[in-house]
DNA sequence: TTAGGGTTAG
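Numbering (our numbering), first residue to last: 777 to 1221.
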């Protein structure tokens, strides 16, 4: 590429006016378009080029808008929408599709529908964007009925619905829809084949359920991946690590990790979480060191995972050091989840006062999960007075959640303050809160 | 030169 580029330059085919003071003025629409799409991940630059082209009276065409619209926030997107109308390119199918996706992303389902109606004929890409629009706005019923009305479907149509159920928390339906896909003539006759995205989605749905059925389903998908040479890239590999980690199959976790060719930060994150939740906290921390050695940059999720490992392993000193260094080393700002981990870390190991101190000095108000972690610590270490004080705050934040009531009530029961305990149990009843019964499971192999 | 679906989070 670079050699060809040099030839073009030395032969004078590129930018005849490059010696002129403002060569940009001579750049035609086509060159601007190419540049704008090259700056795909640099929204600022592509936008700058767009205004530059307008300032130089270079007219944008239907190719100009989609790459900018793809990364535009809503207010800018609306402005561009009117620009497409003014310049007579609104009806272009590429523009319509990106506008549809823009409105879907911003939860403006009615706007998305209106754009969808502009398509004169069936277009699979537009339908897929609309399927996603319904999914992202919680309307799976309409998504499925649109899906069923489509004269053709491709792998993206199927994947969008599989993912749609997962987006709405209906993981069982997501897996069943994948099953339907595998038995449908589209797949049986070889017109459609699940790809990396499809497999990653359904594996993630399996990981979000528990029980043997979900694990077996995930294993079948894994088998399909191997037998059908679906790429074991970052997406599928990371989903598999996550699935096996959640199911306690650490040897499978390690096998997948070992054979992955490309590993990104999210892969390492899934690995750290898997080790941390299976009693191998020390190795989880070693993985964190590995990330840095690989030249990768930990992200916010990495710290959630590694702080969890510290909490489980009772590595108080290491955990606090990590928490304090995340901003210094990587400019990652602690969010609520990180505070939750640190409170859990301090609380479990009996550093109740330090935990209280951190809660008092947080830059934002603690939410129910942080207070809940603290409350749990108070219970373990019998700090009933502090527990009741914090518990009341937690109840105010999470009135419909049974966990805090149960914790407070158990805490009183342990101190044989039966009247307090009973009062709290009655409050649960009166507030109409359902206590979800816990269960244990024995997995026979 | 342009469009639609994907992984990790106590």
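Even for Gly, the Cβ is constructed at its ideal location relative to N, Cα and C.
Residue 799 to residue 1146 span [Cα, whole Å]: Because the pLDDT of residue 799 is 49, which lies under 50, any placement of that residue in the model is unreliable, and the question is left without a value.
Meets three-Cβ-pair contact criterion under 8 Å: the region 999 to 1007 and the region 1023 to 1039: Fewer than three Cβ pairs drawn from the region 999 to 1007 and the region 1023 to 1039 lie within less than 8 Å of each other, which leaves the two stretches out of contact.
For residue 1109, the three-state DSSP class (helix, strand or coil): Here DSSP, grouped into helix, strand and coil, assigns residue 1109 to coil.
Proximity to residue 1116 [Cα-Cα], best of 851, 1128, 1083: It is 1083.
Secondary structure of residue 840, DSSP reduced to three states: Residue state, collapsed to three classes: coil.
Bounding residues of the alpha helix (DSSP H) (the contiguous stretch that carries residue 765): Given a span of 777 to 1221 for the chain in the structure shown, any question on residue 765 remains unanswerable.
Three-way DSSP call (helix, strand, coil) for residue 894 in this model: If DSSP states are grouped into helix, strand and coil, residue 894 belongs with coil.
heavy atom of the ligand ADP below 7 Å from residue 836 C-beta: Summarising the ligand content, the structure contains no ligands, and the ligand ADP is consequently not present.
Status (buried if at least 16 other CB within 10 Å, exposed otherwise) for residue 848: Buried, by the Cβ-count rule.
Assumed close pair residue 932, residue 959 - CB separation to whole angstroms, cut-off 8 Å: That belief does not hold up - the Cβ atoms of residue 932 and residue 959 are roughly 19 Å apart, past 8 Å.
Spatial distance of residue 1021 from residue 1052 (CA atoms): Straight-line Cα distance between these residues: approximately 9 Å.
Closest by C-alpha distance to residue 1121, when choosing among 996, 1156, 1104: For the residues 996, 1156, 1104, the minimum Cα distance to residue 1121 belongs to 1156.
Simplified DSSP state of residue 1040, which is helix, strand or coil: It is coil, neither helix nor strand.
Spatial distance of residue 1092 from residue 1056 (CA atoms): Their backbone Cα atoms lie some 16 Å apart in a straight line.
Residue 930 in three-state terms, based on DSSP: In the structure shown, the three-state DSSP call for residue 930 is coil.
Residue burial classification, residue 892 (beta-carbon count within 10 angstroms, cutoff 16): It counts as buried.
Environment of residue 989 [buried if 16+ CB atoms lie within 10 Å]: Under this definition residue 989 is an exposed residue.
Residue 786 classed as buried or exposed, judged by whether at least 16 other C-beta atoms fall within 10 angstroms: It counts as exposed.
Buried versus exposed call for residue 1110 [16 or more other C-beta atoms within 10 Å across all chains shown]: Label assigned to residue 1110: buried.
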